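Number of protein chains: 2
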Amino acid sequence: MLLGMSRNPEEPVYNRIEEARTTLGLTRQELADKVGVHYQTIGYLEREEYSPSLVLALRIAKALNQEVSELFSQTPFKKGK
Amino acid sequence: MLLGMSRNPEEPVYNRIEEARTTLGLTRQELADKVGVHYQTIGYLEREEYSPSLVLALRIAKALNQEVSELFSQTPFKKGK
DNA sequence: ATGCTATGTAGCATTAATGCAACATTTGCA
DNA sequence: TGCAAATGTTGCATTAATGCTACATAGCAT
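These protein sequences, in sequence, are chains C and W.
Using this note's numbering, you'd call the opening residue of the first sequence number 152 and step up by one each time.
Using this note's numbering, you'd call the opening residue of the second sequence number 152 and step up by one each time.
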């Protein structure tokens, strides 16, 4: 009825969170504070260990002044946008 | 320690899935098949009983030929777009 | 009326997303 | 060098999202 094996979903979602975050000179902790999650959560997302809920994706997009479609994609991003 | 009370989250996300779906003349079952979920799941989303994962939101947007930001929002939609 | 199709609802099981704590590692800077 | 901040990683608990089954209801044909 239990197993300590979370972290590692099925369907990948690629993102540019780290790129957009560092562009704004923000630390993970600061971004986490802005969107109201733990700083580790930002880490998991940047490393693409799992994909966010839609609500979180919307909050992050707003915090980073980007469109959801500019930040997240089902297909890998090319270099330098 | 348990309660059969799922269905009913905290933070609402508004959407136009039903509007976009009927515009295309699709049934819930058909949309569900296109995005690979249960037809009830589409129902729960349209009634805004919970919000989708980002992956599902991306798939739905693609199936309905819309931008994620056109389909989902943290603030209610006005009438007729 | 009968029947069919689309939709609403309820339960319960499973899995992914997130919180949170603890500790390792890396990097920059005094 | 060493310290401190930022980040990586692990483990476990909790909750939301989804699957799935079953049944009720509503509308629209024939």
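Ideal Cβ placement from N, Cα and C applies to all residues, glycine included.
Values in this document were obtained by computation on a predicted structure and should not be read as measured data.
Around the C-beta of L215/C, are 16 or more other C-beta atoms found within 10 angstroms, so that it is buried, or is it exposed?
Here residue 215/C corresponds to residue number 64 of the first sequence, with the count starting at 1. The residue in question, L215/C, is buried, as its Cβ has 16 or more Cβ neighbours within 10 Å.
Have a look at K229/W, E221/W, S204/W and flag the residue whose alpha-carbon is nearest the alpha-carbon of I168/W.
Along the second sequence, one-based indexing puts residue 168/W at 17. Residue E221/W is the option with its Cα nearest to I168/W.
What span of residues does the alpha helix (DSSP H) with R179/W cover, start to end?
Position 28 of the second sequence, counted from the start, is the residue given in the question as residue 179/W. 179-186 is the extent of the alpha helix (DSSP H) around R179/W.
In whole angstroms, what is the alpha-carbon distance linking V164/C and K229/C?
Residue numbering aside, residue 164/C sits at position 13 when the first sequence is read from its first letter. Residue numbering aside, residue 229/C sits at position 78 when the first sequence is read from its first letter. For V164/C and K229/C, the distance between alpha carbons rounds to 14 Å.
For L207/W, collect the residues of the same chain with a Cβ closer than 6 Å to its Cβ; drop the 5 residues on either side in sequence, then sort them by chain order.
The count along the second sequence starts at 1 and reaches residue 207/W at position 56. The answer is none, since no qualifying residue turns up.
Residues within the region 193-216 of chain W neighbouring chain C, beta-carbon criterion of under 7 Å
S202, P203, S204, L205, V206, A208, L209
For Y195/W and Q180/W, which I take to be in contact (beta-carbon distance under 8 Å), what is that distance rounded to the nearest angstrom?
Within the second sequence, the letter at position 44 stands for residue 195/W. Within the second sequence, the letter at position 29 stands for residue 180/W. Not quite, the Cβ-Cβ distance comes to about 14 Å (not below 8 Å), so this is no contact.
Taking the alpha helix (DSSP H) that Q225/C belongs to, which residues open and close that run?
Counting from 1 along the first sequence, the entry for residue 225/C is found at position 74. Element bounds for Q225/C: n/a, residue is neither H nor E.
Taking the Cβ atom as the reference point for each residue, do A171/W and Q217/W lie within a distance shorter than 7 Å?
Here residue 171/W is taken as the residue at index 20 of the second sequence, counted from 1. Here residue 217/W is taken as the residue at index 66 of the second sequence, counted from 1. Result yes, Cβ atoms of A171/W and Q217/W sit closer than 7 Å.
Looking at the unbroken alpha helix (DSSP H) that takes in R210/W, where does it start and where does it end?
Sequence index remark: in the second sequence, residue 210/W carries index 59 (1-based). Counting along the chain, the alpha helix (DSSP H) containing R210/W begins and ends at 205-214.
Please return the same chain residues whose Cβ sits closer than 8 Å to the Cβ of E199/W, not counting the five positions on each side in sequence.
Start at 1 with the first residue of the second sequence, and residue 199/W comes out as number 48. The answer, listed in chain order, is P163, V164, Y165, N166.
For chain W, is any of its Cβ atoms less than 7 Å away from the one on E162/C?
Against the first sequence, residue 162/C aligns to sequence position 11. Output row for E162/C: interface = yes.
What span of residues does the alpha helix (DSSP H) with L175/W cover, start to end?
On the second sequence, residue 175/W is found 24 positions in, with the first residue counted as 1. Per DSSP, L175/W belongs to no alpha helix (DSSP H) and is neither H nor E.
According to the Cβ coordinates, are L209/W and Q225/C closer than 7 Å?
Sequence index remark: in the second sequence, residue 209/W carries index 58 (1-based). Sequence index remark: in the first sequence, residue 225/C carries index 74 (1-based). Cβ distance < 7 Å, so L209/W and Q225/C count as in contact.
Would DSSP call Y201/W helix, strand or coil?
Taking the first residue of the second sequence as 1, we reach residue 201/W at position 50. Coil.
Proximal chain C residues relative to E218/W, where beta-carbon distance stays under 9 Å:
Looking up residue 218/W in the second sequence gives position 67. Chain C residues near E218/W: E218, V219, S220.
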